[in-house]
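**Q** Mapped onto mature numbering (1 follows the signal peptide of the UniProt record, and there is no 0), the consecutive letters of the sequence shown carry residue numbers -27 to -1, 1 to 294.
Take this structure, written in structure tokens, and hold onto it; I'll ask about it next.
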Amino acid sequence: MMIWLQRKVFLLGLFCVLVGMIACVNGHANASCPESCDTAGRWCEIRFNRGGRVSVGECNASSFTCVCNDAVDITVTRNEESCWWSGSFDMTNNVSEESLCSADTAQCPQTCQQAGEQITRCAGSVLCTEDGDGYIFTCAISEGTILHINKSVYGCLTTIVEPELHCNPKVTCSGHGYCVNPHTLSNSCVCFSDPINGYWVGANCSECHADYGPGGGNCTQRTSTIRIILSSIGSTWAMVLPNMVVLFLFVVLGLMRRESESDRSFQSTVLRKTGLSAVQVARRNRCGLFNPKLIPPRPPQSRCFLNEGEGRAKRRGPPAY
């Protein structure tokens, strides 16, 4: 029984040590904070010292700084139960070594050869050019991200140049997709198509899928069949309506022309019965004396209504009506 308890305690202690190391490497500590600024220096040395010189810088009730090799520092923020920090001492080392202070941390290498040996974060494309008392060192630490060190008689300047991003998922993809390659503009968005993030389409992922309406829970619920049918009818009607309007206008114009031709034939018959010459008919038409509105209704029988008081006129041919 005692042996079993000892094994349990050992495994639990080993687990706590591993968790503490992982938390320290990732820039988040769960250990209790120092009681005062007098003990903060010792706290920094225990947490960060890996062969370098660690001391405490500015210290107050809410935060304090741990300084490495009198060159760079990390700000530690106090919480009620623990302390936490973010950032790193040296951007030239690997991620697992950024929050540790070694003898070379934040110390500028003197030559290109020393830079190649001390800088462990480079992933490729290493280039170093010496120039008098200094040098210019560059390397790629990730895709598109360049580490740049410029050493001169005035000191050592270390910078990281981030790549220019052409695709931002929140803007370019409307927050409804992700970028295939953030450094290119063409075909850069892949839209979400799942029941959690929704079903989106379009170049910028700004439109709901045809089967998922915008009112259906952020494009996560299917549109009803009735709505799809009505939408289809509406889109079809928008294409058919102009053609129907043109057809209706042609029908109306045809009827008006037919009525006008019928009225003109009736007027010509009336004028012919008056016995006037063509010149007289033209003059009277110009003066408006034969306006169709002034012509009386057609008689019930085929007879000359101009001589109704004189009886029937002698027929000279087939009836006029």
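For each residue, glycine too, the CB sits at the ideal point set by N, CA and C.
#1: So, are the CB atoms of residue 6 and residue 52 less than 9 Å apart?
#2: Could you name the residues of the same chain whose beta carbon sits closer than 7 Å to that of residue 79, not counting the 5 residues immediately before and after it, in chain order?
#3: Locate the alpha helix (DSSP H) running through residue 152, then write down its first and last residues.
#4: Give me, in chain order, the residues of the same chain whose beta-carbon lies closer than 7 Å to that of residue 177; leave out the 5 immediate sequence neighbours on both sides.
#5: So which of 17, 10 and 23 has the shortest CA-CA distance to residue 373?
#6: Give every residue of the same chain whose Cβ lies closer than 7 Å to the Cβ of residue 168, excluding the five residues on either side of it in the sequence, and list them in chain order.
#7: Sort out for me which residues DSSP pairs residue 171 with in a bridge.
#8: For residue 25 versus residue 98, is the C-beta distance shorter than 9 Å?
#9: According to DSSP, is residue 89 helix, strand or coil?
#10: May I ask you to list the residues that DSSP assigns as paired with residue 127?
#11: Hey, quick one: how far does the alpha helix (DSSP H) through residue 20 stretch, first residue to last?
#12: Leaving out five residues before and five after residue 13 in sequence, what residues of the same chain have Cβ atoms less than 6 Å from its Cβ?
#13: Give the DSSP-derived three-state secondary structure of residue 227 in the structure shown.
#14: What separation, rounded to the nearest whole angstrom, lies between the Cα atoms of residue 166 and residue 196?
#15: Among the candidates 164, 183 and 123, whose CA atom is the shortest distance from the CA of residue 104?
#16: Select from 119, 108 and 102 the residue whose C-alpha is nearest the C-alpha of residue 94.
#17: On the three-state DSSP scale, how would you describe residue -18?
#18: In the DSSP assignment, the beta strand (DSSP E) including residue 98 goes from what residue to what residue?
#19: Alpha carbon to alpha carbon, what distance is there between residue 153 and residue 184?
#20: Can you tell me where the beta strand (DSSP E) with residue 28 in it begins and where it stops?
#21: Which partner residues does residue 24 have in the DSSP bridge list?
#22: Counting along the chain, where does the beta strand (DSSP E) carrying residue 56 start and finish?
#23: Under a Cβ-count criterion, where at least 16 other Cβ atoms within 10 Å of its own Cβ denotes burial, should residue 222 be classed as buried or exposed?
#24: Are the Cβ atoms of residue 121 and residue 133 separated by less than 9 Å?
#25: Since residue 73 and residue 23 should fall inside the 8 Å C-beta cutoff, what is the C-beta to C-beta distance between them, to a whole number of angstroms?
#26: Quick check on the burial criterion: 16 or more other C-beta atoms within 10 angstroms. Buried or exposed for residue 20?
#27: Between 129, 59 and 50, which has its C-alpha nearest residue 107's C-alpha?
#28: Closest by CA to residue 126, which one among 50, 86, 182 and 109?
#29: Which value, in whole angstroms, describes the spacing of the CA atoms of residue 101 and residue 135?
#30: Since residue 46 is in the beta strand (DSSP E), which residue starts that stretch and which ends it?
#31: Is residue 62 helix, strand or coil when you go by DSSP?
**A** Based on what the coordinates show:
#1: Between residue 6 and residue 52, the CB-CB gap stays under 9 Å.
#2: These residues qualify, in order along the chain: 41, 42, 44, 45, 62 and 63.
#3: Where residue 152 is concerned, there is no enclosing alpha helix (DSSP H), although the beta strand (DSSP E) it sits in stretches over 150 to 152.
#4: 145, 146, 147 and 162
#5: The shown model of the chain, from -27 to 294, leaves out residue 373, and the question about it has no answer.
#6: 193
#7: According to DSSP, which records beta bridges pairwise, residue 171 is partnered with 167.
#8: No.
#9: Note: residue 89 maps to helix in three-state DSSP.
#10: Partner(s): none; residue 127 has no beta bridge.
#11: Element bounds for residue 20: 13 to 21.
#12: 7, 29, 32 and 37
#13: The DSSP-derived three-state label of residue 227 is helix.
#14: If I take the Cα positions, the gap works out to 15 Å.
#15: 123
#16: When only C-alpha atoms are compared, the closest one is 119.
#17: In this prediction, residue -18 has a pLDDT of 48, which is less than 50 and means its spatial position is unreliable; nothing more can be read from the coordinates.
#18: 97 to 104
#19: 25 Å
#20: 27 to 32
#21: None, per the DSSP bridge assignment.
#22: 56 to 58
#23: exposed
#24: At a Cβ-Cβ threshold of 9 Å, residue 121 and residue 133 count as neighbours.
#25: 4 Å
#26: Looking at its Cβ environment, which holds 16 or more other Cβ atoms inside 10 Å, residue 20 is buried.
#27: It is 129.
#28: Closest option to residue 126, Cα to Cα, is 109.
#29: Going by the C-alpha atoms only, they are around 19 Å apart.
#30: 45 to 51
#31: coil
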